[in-house]
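First residue of the sequence shown? That's 121 in my numbering, and the numbers climb one at a time after it.
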Amino acid sequence: MTRNILIAGAGPGVSGSLARLYAEEGAQVGLLGADPAVLSTLSAEVDTAGGTPESALVDLTDDAATRAAVTRMAEKLGRLDVVHFNPSAYREKDPLS
């Protein structure tokens, strides 16, 4: 049985590693994130690793947008077996300023 995975906050670090790992097992991998370049790269990596990627741009700080994106992704994938919620924020400014 194919597993359906949703990664919210998809990026190049831990979530990217999980996406590639699940893809190697043949999973459908849904990717939600705010950076189109990262989603494009990660989708290609999932495909190359043997998974089936689906991706959508979403600002995870927007509750309504996040709920809608998760609902749409669940509809596309058919069901969700695993949800990995991994939002992060990068600050260019000095945190003390």
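Ideal placement from N, C-alpha and C gives every residue a C-beta, glycine not left out.
Bear in mind the structure is a predicted one, so any value in this text is a computation, not a measurement.
Shown here for ARG123: same chain residues with a beta carbon closer than 6 Å to its own, the five before and five after excluded, namely ALA147, ASP201 in chain order. Taking 8 Å as the upper bound for CB-CB distance, LEU159 and ALA130 are in contact here, some 6 Å apart. Beta-bridge partners of ALA147 (DSSP): none assigned. No Cβ-Cβ contact shorter than 8 Å links LEU162 with ALA128. For VAL178, no beta strand (DSSP E) encloses it, and the DSSP letter there is neither H nor E.
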